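Below: one structure, written as structure tokens.
There are 2 protein chains.
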Amino acid sequence: MSDPKLVYSSHVFCCTNLRPEGHRRGSCAARGSEKLRNYMKARAKELGLEPNVRINSAGCLERCELGPALVIYPEGVWYTYQTQEDIDEILQTHVVEGDRVERLMLAPDQTEPRPTTTASSPA
Amino acid sequence: MSDPKLVYSSHVFCCTNLRPEGHRRGSCAARGSEKLRNYMKARAKELGLEPNVRINSAGCLERCELGPALVIYPEGVWYTYQTQEDIDEILQTHVVEGDRVERLMLAPDQTEPRPTTTASSPA
Chain A
774 MSDPKLVYSS
784 HVFCCTNLRP
794 EGHRRGSCAA
804 RGSEKLRNYM
814 KARAKELGLE
824 PNVRINSAGC
834 LERCELGPAL
844 VIYPEGVWYT
854 YQTQEDIDEI
864 LQTHVVEGDR
874 VERLMLAPDQ
884 TEPRPTTTAS
894 SPA
Chain B
774 MSDPKLVYSS
784 HVFCCTNLRP
794 EGHRRGSCAA
804 RGSEKLRNYM
814 KARAKELGLE
824 PNVRINSAGC
834 LERCELGPAL
844 VIYPEGVWYT
854 YQTQEDIDEI
864 LQTHVVEGDR
874 VERLMLAPDQ
884 TEPRPTTTAS
894 SPA
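If you read the sequences in order, they're chains A and B.
For the first sequence, position 9 (counting from the first letter as 1) is numbered 782 according to this note's numbering, and the numbering increases by one without interruption.
For the second sequence, position 23 (counting from the first letter as 1) is numbered 796 according to this note's numbering, and the numbering increases by one without interruption.
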């Protein structure tokens, strides 16, 4: 049996986990993820991306030090983001155009933030 | 550029959204999803499935009438579940063996529960 077709062509999960203030790992919500997730959801609606795209909140995704973090399925691509401009770029470039926002992508084995998030990765 | 490898070979999102009592759509949490998600997370750990498998909580997945609902990525297969036995079967059959638990699967366009969840689908 082959699997049913996807319910969402892009299913985005934004971590909105909140840890107590002063926790050594920090948390995505402490870094502002909830407001940015709400912005992303509203923008996706404004852009007419529903109902094929869904912007969900999620519990801890275990990328706390790199957060706010989100993952987009079915492709399983991870991003960090800090501003509404980051969200706009992820929506337009990844979700709408099917491309990737390299400056914001998280590597699978990455545990520390990159030195900068605006320059390209060094060779 | 090809996408990085997946962080989780199975990334499970269990809706734990709670609506106010009496809401016409109900909610997964009102149907007991939080306890069952905690059970699933504990069982995945006991079965040694970490760190390749992650059992996450998620906000509303829009399958309220069919809940508790979960979705497993990257394959994007949806399930409804009501008991620890359902969870055990999803973990063993889907996550461990890579097979499907047909009696619990949700169709993409399904909006109402199936008449029974124990019999096979009619032809």
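Here a beta-carbon is modelled for each residue, glycine too, at the ideal position from N, C-alpha and C.
Keep in mind the model is a prediction, meaning the values are calculated, not measured.
What's the gap between the Cα of H867(A) and the Cα of T853(A)?
13 Å
Short CB-CB distance (under 7 Å) between Y854(A) and chain B:
no
Locate the beta strand (DSSP E) running through S830(B), then write down its first and last residues.
826-831
Counting Cβ pairs, one atom from each stretch, are 3 or more of them under 8 Å apart for the segment 832-842 of chain B and the segment 799-809 of chain B?
yes
Of the listed residues R836(A), V850(A), V869(A), nearest to G886(A) (C-alpha basis)
Correcting the residue identity first, residue 886(A) is Pro in this sequence and not Gly. If we check each option's Cα against that of P886(A), R836(A) comes out closest.
Cβ distance (whole Å) where Y846(A) is taken to contact P847(B) below 8 Å:
6 Å
Proximal chain A residues relative to E848(B), where beta-carbon distance stays under 8 Å:
D776, P847
CA-to-CA distance, M813(A) to F786(A), given in whole angstroms:
11 Å
Could you tell me which residues DSSP pairs with A842(B) in its beta bridges?
T853(B)
Anything in the segment 849-883 of chain B with a Cβ closer than 7 Å to a Cβ of chain A? List those residues in chain order, please.
G849, V850, W851, R873, A880, P881
What three-state label does DSSP hand C787(B) in the structure shown?
strand
Rounded to the nearest angstrom, how far is the Cβ of N829(A) from that of L834(B), given a contact under 8 Å?
7 Å
For I860(A) versus V874(A), is the C-beta spacing smaller than 7 Å?
no
Assuming N825(A) and S775(A) form a contact by the criterion Cβ under 8 Å, report the distance between their Cβ atoms to the nearest whole angstrom.
About 20 Å separates the two Cβ atoms, so there is no contact after all.
Name the residue from G799(A), L877(A), G849(A) whose alpha carbon lies nearest to the alpha carbon of Q857(A).
L877(A)
Exposure of G795(B), with buried meaning 16 or more beta-carbon neighbours within 10 Å
exposed
Is the Cβ of A831(B) closer than 7 Å to any Cβ of chain A?
yes
So A817(A) packs on E823(A), CB below 8 Å; how close in whole Å?
7 Å
When DSSP builds the beta bridges, which residues end up paired with M878(A)?
Y852(A)
Straight-line Cα distance separating L809(A) from N790(A)
13 Å
For L779(B), decide whether its Cβ has a neighbour in chain A, counting only Cβ atoms nearer than 7 Å.
yes
Can you give the Cα-Cα distance for Q855(A) and P888(B), rounded to whole angstroms?
46 Å
Find the nearest neighbour of V850(A) within the set P881(A), E870(A), S800(A), judged by alpha-carbon distance.
P881(A)
Grouping DSSP H, G and I as helix and E and B as strand, with all else coil, what is C801(A)?
coil
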